[in-house]
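**Student:**
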DNA sequence: GTTTTTGTTCTAGGATTACTATAACAAAGG
DNA sequence: CCTTTGTTATAGTAATCCTAGAACAAAAAC
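Chains as they are written, first to last, in the numbering used here: chain A, 207 to 331; chain B, 207 to 331.
1. Per the DSSP calculation, residue 275 of chain A is bridged to which residue(s)?
2. Hey, residue 282 of chain A and residue 271 of chain A are a contact pair by Cβ (cut 8 angstroms); roughly how many whole angstroms apart?
3. If the criterion is Cβ atoms closer than 8 angstroms, does the pair residue 229 of chain B and residue 245 of chain B meet it?
4. Fully enclosed by the segment 217 to 300 of chain B, which beta strand (DSSP E) runs are 3 residues long or longer?
5. Determine, for residue 292 of chain A, whether the minimum Cβ-Cβ distance to residues of chain B falls below 8 angstroms.
6. Quick one: which residues of the segment 226 to 253 of chain A get their C-beta closer than 7 angstroms to a C-beta of chain B? List them in chain order.
7. Starting from residue 323 of chain A and walking both ways along the alpha helix (DSSP H), at which residues does that stretch end?
8. Could you tell me which chain B residues have their CB closer than 9 angstroms to the CB of residue 319 of chain A, listed as they occur along the chain?
9. Anything in chain B within Cβ reach of residue 261 of chain A, meaning under 8 angstroms, just list it in chain order.
10. Quick one: which chain B residues come within Cβ less than 8 angstroms of residue 313 of chain A?
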C-alpha cells in the first residue's frame, strides 16, 4: 500500500497518515490481521520522525482500527461498535452535507456520490 | 439562531463557529441577505474575543458563504461553485465513509442517514 | 548468548497555530 | 459629533505539531 504525504497541506501529518490507513482498510488494501510497518521503518520510508508515525498508530488504536503488540507491532483489527460509529458518522455528515446543501448540491447528488465511492472500493476487492 | 461553543472541544472555536453558521444556512435559520451580528457583539454574546469571530467570518467569506461590507457587516450571500463543491465534498465523504465502512456500516445505512439529515432540514423550513 | 528489532517513554527544542488583549484607523450612519 | 462598522497592528500566552536523541524491556533472529 502506497502512502502519500502532502507536506504543504494544513492537515497534520499524523492525521493524513491515519486517514490513509483507514481508507486502506476500507478498500481492502489492508485486511484484518495484516501488520503495519514498524514505526521506525515507515518513518524512514516517508521521511518523517518516528514519533509522528507512533502518534498516528496510537490514534488508530484508540479509535479501534488496530491493536498494538510489542512483538508484532500494529495489527489491523477492527473493534466494531456500530452504534457509536453511526452516531459519529451522523455528526460528521451533518457538517459535510450542510456545506454541500448551501452550494445547491441535492440529496440525489449526494446519494450518487456515496454510490460512486462505495463502487470504487468494491471494484478493488 | 442559537450558537453553542464547546470550550472543552479540541476543535478550534472559530471552526465551531464557522460550522454552526454553515449549518444555520443549510437549515434556513439563516437566509440569503440576512446579516450576521457584528464581530464585537457576537464575541460579547459568546464570551470570546472579537478577533476569533472575525477569523470565522473571514473564513466564511473566503469559502463563499458571506460577503463582508464595512457598513453592514457580514451578509449571508452564497457564491455557488457547484463543480468545486462536489469535488470538495467527495474528498470529505471518502474519509467519513471509509471510517464507517470499516465499522461495517453499509451503503444502505449511509443512504438512510443522508435522508435523515436532509429531512431534518426540510422540516424546519 | 549475542545482536537486532520491536513498541514505549522521557526530555527538549523549534515552529506554527489559536486565542486573547489593546489600541488605533477610516468609513458610514444617526 | 458620536457611535458603530470592519480592518489592521502589535504583543503575549498557551497549546499543538514535529523533530531529535536517548534509553528501556521484551521478543525475535542469529
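Quick reminder that beta carbons are idealized off the backbone N, C-alpha and C, glycines included.
**Tutor:** Based on what the coordinates show:
1. Locating residue 275 of chain A in the first chain gives position 69, counting from the first residue. A:279.
2. On the first chain, residue 282 of chain A is found 76 positions in, with the first residue counted as 1. On the first chain, residue 271 of chain A is found 65 positions in, with the first residue counted as 1. With 8 angstroms as the limit, residue 282 of chain A and residue 271 of chain A qualify as a contact, their Cβ atoms being about 7 angstroms apart.
3. If you number the second chain from 1, residue 229 of chain B lands on position 23. If you number the second chain from 1, residue 245 of chain B lands on position 39. Contact flag unset, no.
4. 272 to 275, 279 to 282
5. If you number the first chain from 1, residue 292 of chain A lands on position 86. Judged by the 8 angstroms Cβ criterion, residue 292 of chain A is in contact with chain B.
6. Under the 7 angstroms Cβ criterion, the segment 226 to 253 of chain A contributes 228, 229, 231, 232.
7. Against the first chain, residue 323 of chain A aligns to sequence position 117. Here the alpha helix (DSSP H) through residue 323 of chain A covers 313 to 329.
8. Within the first chain, the letter at position 113 stands for residue 319 of chain A. Residues of chain B passing the Cβ test: 292, 295, 296, 299.
9. Numbered from 1 along the first chain, position 55 holds the residue referred to as residue 261 of chain A. In chain order: nothing, as chain B lies at least about 14 angstroms away.
10. Here residue 313 of chain A corresponds to residue number 107 of the first chain, with the count starting at 1. In chain order: 320, 321, 324.
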